[in-house]
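Note sheet for the following structure.
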Amino acid sequence: MAQSFTGKKRIRKSFGRIPEAVQMPNLIEVQRSSYEQFLQREVRPGVRKDEGIEAVFKSVFPIKDFNERAVLEYVSYEFEEPKYDVEECIQRDMTFAAPLKVKLRLIVFETEEETGARSVKDIKEQDVYMGDIPLMTDKGTFIVNGTERVIVSQMHRSPGVFFDHDKGKTHASGKLLFAARVIPYRGSWLDFEFDAKDVVYVRIDRRRKLPATTFLYALGMDGEEILTTFYDVVPFEKRTAAGAEGWATPYKPERWRGVKPEFALIDADSGEEVAAAGTKITARQAKKLADNGLKTLLLAPEALTGRYLARDAVNFETGEIYAEAGDELDVTSIEALAAQGFSTIDVLDIDHVTVGAYMRNTLRVDKNAVREDALFDIYRVMRPGEPPTVEAAEAMFKSLFFDAERYDLSAVGRVKMNMRLELDASDEMRVLRKEDVLAVLKLLVGLRDGRGEIDDIDNLGNRRVRSVGELLENQYRVGLLRMERAIKERMSSVDIDTVMPHDLINAKPAAASVREFFGSSQLSQFMDQTNPLSEITHKRRLSALGPGGLTRERAGFEVRDVHPTHYGRICPIETPEGPNIGLINSLATHARVNKYGFIESPYRRVADGKPLEEVVYMSAMEESKHVIAQSNIKVLNGEIVDDLVPGRINGEPTLLQKEQVDLMDVSPRQVVSVAAALIPFLENDDANRALMGSNMQRQAVPLVQSDAPLVGTGMEAVVARDSGAVVIAKRTGVVEQIDGTRIVVRATEETDAARSGVDIYRLSKFQRSNQSTCINQRPLVKVGDKISAGDIIADGPSTELGELALGRNALVAFMPWNGYNFEDSILISERIVRDDVFTSIHIEEFEVMARDTKLGPEEITRDIPNVGEEALRNLDEAGIVAIGAEVQPGDILVGKVTPKGESPMTPEEKLLRAIFGEKASDVRDTSLRLPPGVAGTIVDVRVFNRHGVDKDERALAIERAEIDRLGKDRDDEFAILNRNISGRLRELLIGNVALSGPKGLSRGQITAEGLAEVQPGLWWQIALEDEKAMGELESLRRLFDENRKRLDRRFEDKVDKLQRGDELPPGVMKMVKVFVAVKRKLQPGDKMAGRHGNKGVISRILPIEDMPFLADGTHVDVVLNPLGVPSRMNVGQIFETHLGWACAGLGKQITTLLEDWQAGGQKQALIDRLTEIYGPDEELPETEEELVELARNLGKGVPIATPVFDGARIGDIEDHLRMAGLDPSGQSILYDGQTGEQFKRPVTVGYIYMLKLHHLVDDKIHARSIGPYSLVTQQPLGGKAQFGGQRFGEMEVWALEAYGAAYTLQEMLTVKSDDVAGRTKVYESIVRGDDTFEAGIPESFNVLVKEMRSLGLNVELENS
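As numbered in UniProt numbering, residues 1 to 1360 make up the sequence shown, in order.
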């Protein structure tokens, strides 16, 4: 396989044995494809599919007015270009959105008075602005008010029909009460349920229950039809045979299987007795009787007692009803019917064993018998207190389940319903039908009779994913429906003949619903941007919470648990610890979401024990029909080797014969999520620790200098590529120019005329992420490098050479050291701090606004009252801090003064005013100061001015610098274009014959020398003899002009936006943002972790010379507690240590061989060593320059990949340790740095990949002396953000009481807390140097007195 540009620089050796059958999908495809389907922005209006916005408009329009004089129809929509690009939106706190224009058609009708015929009077079409729709960035995020947000996908119960029972909890007897529920996508829920007496009831929207037959009556059925629908009919005919009189009925063997008849069975044709009374008929006997020709049985009249009539017994001449359908027969009623001449009686086939009389009993309970009464009953339940009328009841019932406006099963719901009920209605049928209701009831009754299975609600076949597009579609529909009401009212209130569509439409409700969704929906979340992995994971997250989902409190254990159908779809490892466990999940690596919202996993087809190349994606429903083998089965020459292979049928693991297998997994890592797939030796870690490991990788802070892990899993490059942290080349080309902020590439592949042949990649420099970590990109290429499309040309935060690099490789020893690694504490070497190994940069943003107040405008200025020159040293003349200034807590960043109200002046002030005549006292200092706990360097300042407000000098300087940058971009791009086109023009001209041309060019054949005499800018004036060549020259000229115009237009557009002034919040005249970079070195109290859930806090930083050292004098960097491993069962970290040790050993060998070669030795020795390490199949670089670069990069260690569930075995690790010349046990002799003595036993030493987590002691440590107090209780506020104090709570009070420390306690409860007068006096006395003070009454006591008075209890303090 050809390696990429970065892949050649450092080759990662893989231990994976199983070939990947399918390429890793793009990891943020879930977000992208969902939103693309919603917008259909690239699709022409005429050919758009009926989904997303298109579907919303089609479902709401056409809108008719109340008297149907006019109709407003939807034609099509289109998006205009967004006003600002992504970068500008982030800088200006705007939303990255495109205006939506909708073409609407208003048709006005007129009605002829005589005939009543309608004809079209007028048709008006118009484009109407319908608000802005936020656009998704390339990274799958949205910019809302300047912050990056992610819309998390939601898991919810799929629409369709579900059968369940109460698990015997409702009734004391433990009887199972079955229920069926029809859940639509939108509309009313329909429940059918049994009660303890086996009567079937119906509930609509979980309201009061009614007998289920009431619903059937409302559907237009009658009692007889209901009974014959649910039960078979058995005819009984009065007959005499062999002198015996009885009732003859057809003989069905299955009816008599295992039955013990109370009376003899007689063959009605021959009169013989075929079975004696009281003897049990076996299945074999029953079949034998049929084989012997028994067709009809003759039963005694008593055999009919207890059965139920299937049809009404009516005398059609007189209309008299003798018995109704469903009546129970007894001896009297049978004789009465026989006497009335009924020679045949149809009864229901109910035996109370295989078929129960539930629907018949329900009919008996139901007091309604006609449709009207049933409709009234339903109306009373849905709208209690309203008197029903036939029309209202009819309309309401129809609108509940049979009106497409109000009820929508959705395509998914219909598909699921068809599958479960074995129906064949089309996908377009989105409302309920009578057949659906009957099928649901039949299946429910079947369950009660013991046929069929209930549904498993946690099966992924019954849960689906709603991604961004669908969530926004639902929200937009709500907005349009609000708009629809307003449009209807407006259509009837205006003169319809004169209005245009835009007069009828107010787009605010639609725009507001979109804004509300992105701004405040539970699923629209502030993106976790700590590092590239946390971004990717956030976009792949599946939440069961949110609107229409579960709530934390109500979710039980079953919903949260891992289900067999999660295999290959949802990660069983990655989920939060705490109340959300199991409710928030992550998509597995290879999983994708299909058009119905079900998660699919890929499988390879297998035929006759041979795996095929074909890969199919299957949802949980489809997968249940297949026999699936694991991916790690042995395959040789395209055939499975073993006869018995491990696999699973319907989620149950089992051993399979190879011929049975029809699918197999594509990869061992398809089970886990991206974060879990980054943990090497995951298979050797306990699941709980793996969970912590995958969660903590997302909290790793990007370091100033990152290392890719020595022991990786092969996923690192994939994550870096898809996260958007690195810069990827769009086209093949050559690097022309490069500096810290951009890379200019000249494209060499054939470009179409519309696109320029230049790509300029802007790099982010020291930008702030959502979590205040630093986003900084660094180029990986040099001028002249040839790159291909898809190559990584710049590293981003937490990436190195195009691979994810969340931490650093540290030399670790597992041993106790003087108690400093007790309970997961970590001991680190001073070298780590000195060499900035774990140093990170955090960027804090501070902003200040100058508003227009009632007393006058606030002003940003350097002239601040009562502030010395020392405090202003970093400010420029505009009062804004200079870039590059070092600032400490309390320093002024932006000077600001606010007018204050006129206060009465003292005589001294009046005198000063009279003498100096100035108003020195009418403003107060409200400058932006650096808060406590932050110190750093100013890296950026941005000034925003309102339209029409004069810009200060600083704002103009920033603007000028930005215009220069844009101009440089334009000039560079133009220069390369010019070179490109000049080259093509030169090739075209040389050798052709010139008819005329500029001065200095001789006529006739053009030569290179002749052209050199003429300036390239004048070559366009040459006229050629060859018409074809002349045509090419003209088209080149057009291309050149178009490109120049395009570049100028783009430049002017950007400059115009810069100079135009900014859209600021109301009342704000000017806004300044200051960015401070804070350098955080590692210090005691910081949290660190490995990738296996092995976390700890730094307890001490030890001088290098005191750290334990190896025989060669190398000191270890980190000392970890060995007791942290056995009980936690995360042995993966030990394997990683050993393998990392081997990698580093091999790296040292390569460095030695490289130095030998460069000192005049043999190059072949190095190549042989590399071949030995990588194996003969790996492509090594061809040029010496590339070989040297590879060897240099391998010097720190040979990086290896050990994929999850398919990684290095113990044998491999031992081989590599031997190859590196190390002890295969992985243990080394260590010496004590303090005494120089050897430790008694060998110690496990090696390289572990350590991460510095975002729990930094600097952000947590906090102290307060005096500060803000709560208004009512006058006690200090709580929390670091409010600059609060530490609460001295009741338990602490008990402790002081127990010690009898009365004065300390009094001090705590009064002067240190809420004794207002006392604390002022204490302050004064401390300033005087006096240490006596008196405690007064705490304010909270006064509050208590006031509250008691409000209850009418007058409490007074008496001084006696």
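Using N, Cα and C, we set each Cβ at its ideal position, and we do this for glycine too.
Query	Result
Whole-angstrom distance between E847 and V1322, CA atom to CA atom	36 Å
Backbone secondary structure at Q1227 - three-state DSSP	strand
Pairwise C-alpha distance: N770 and E973	33 Å
6 Å CB neighbourhood of L299 in its chain, flanking five on each side removed	G246, W247
Residue(s) in a DSSP beta bridge with R1100	L827
Cut-off 7 Å between Cβ atoms - residues of its own chain near M1, not counting five sequence neighbours on either side	Because M1 sits at a pLDDT of 41, beneath the cut-off of 50, its placement in the model cannot be relied upon, and the following sentence gives the value as read from the coordinates. No residues qualify anywhere along the chain.
Check whether K1252 and S840 have beta carbons under 8 Å apart	yes
Three-state secondary structure (DSSP) of P159	coil
C-alpha distance - F1205 paired with L523, whole-angstrom precision	33 Å
Burial state of R208, where buried means 16 or more other Cβ atoms lie within 10 Å	exposed
For F142, the residue or residues it bridges with in DSSP	M136, R149
Buried or exposed by the 16-neighbour rule on C-beta atoms within 10 Å, applied to K896	buried
Within 8 Å, strictly: CB atoms of T732 and T748	yes
Span separating the alpha-carbon of A97 from that of E623	40 Å
Nearest-angstrom Cα separation, counted from T1332 out to S1325	7 Å
CB contact below 8 Å: D497 versus chain C	Checking the listed chains, one finds no chain C in this structure; it contains a single protein chain.
Rounded straight-line distance, which links the Cα of Y1247 to that of G1140	5 Å
Chain-order list of residues whose beta-carbon lies under 8 Å from that of V468 (same chain, five-residue window excluded)	Q31, S34, Y35, F38, M136, I151, S153
Own chain, CB closer than 7 Å to G131, minus 5 neighbours either side, in chain order	L100, A507, A510, A511, V514
Cα-Cα separation, K280 to T296	19 Å
Nearest-angstrom Cα separation, counted from V234 out to E372	31 Å
Residue(s) in a DSSP beta bridge with N506	In the DSSP output, where bridge partners are listed per residue, N506 has none listed.
Segment contact flag, the region 787-800 with the region 1065-1072, C-beta cutoff 8 Å, min 3 pairs	no
Alpha-carbon spacing of D205 relative to D424, whole angstroms	26 Å
Limits of the unbroken alpha helix (DSSP H) element including S996	No alpha helix (DSSP H) contains S996, which is instead part of the beta strand (DSSP E) from 993-996.
Residue(s) in a DSSP beta bridge with P1108	According to DSSP, P1108 bridges with nothing at all.
Where the beta strand (DSSP E) containing R540 begins and where it ends	R540 -> no beta strand (DSSP E), and no H or E assigned at all.
Distance, M692 Cα to D455 Cα	33 Å
6 Å Cβ shell around F1239 - same chain, five flanking residues per side excluded	L1230
Cutoff 7 Å; reference V1311; Cβ partners in own chain excluding five residues on either side	G1318, R1319, V1322, F1333, A1335
In chain order, each beta strand (DSSP E) run of at least 3 residues that lies wholly inside the region 967-1007	993-996
Pair within 8 Å by beta-carbon distance, R10 and L1194	yes
Option in K260, M221, S270 with minimal Cα separation from A244	S270
Sequence-distant residues of its chain with Cβ nearer than 8 Å to D643 (five each side left out)	Q657, K658
C-alpha distance - D925 paired with Q777, whole-angstrom precision	39 Å
Whether D351 touches A310 by CB criterion (8 Å)	no
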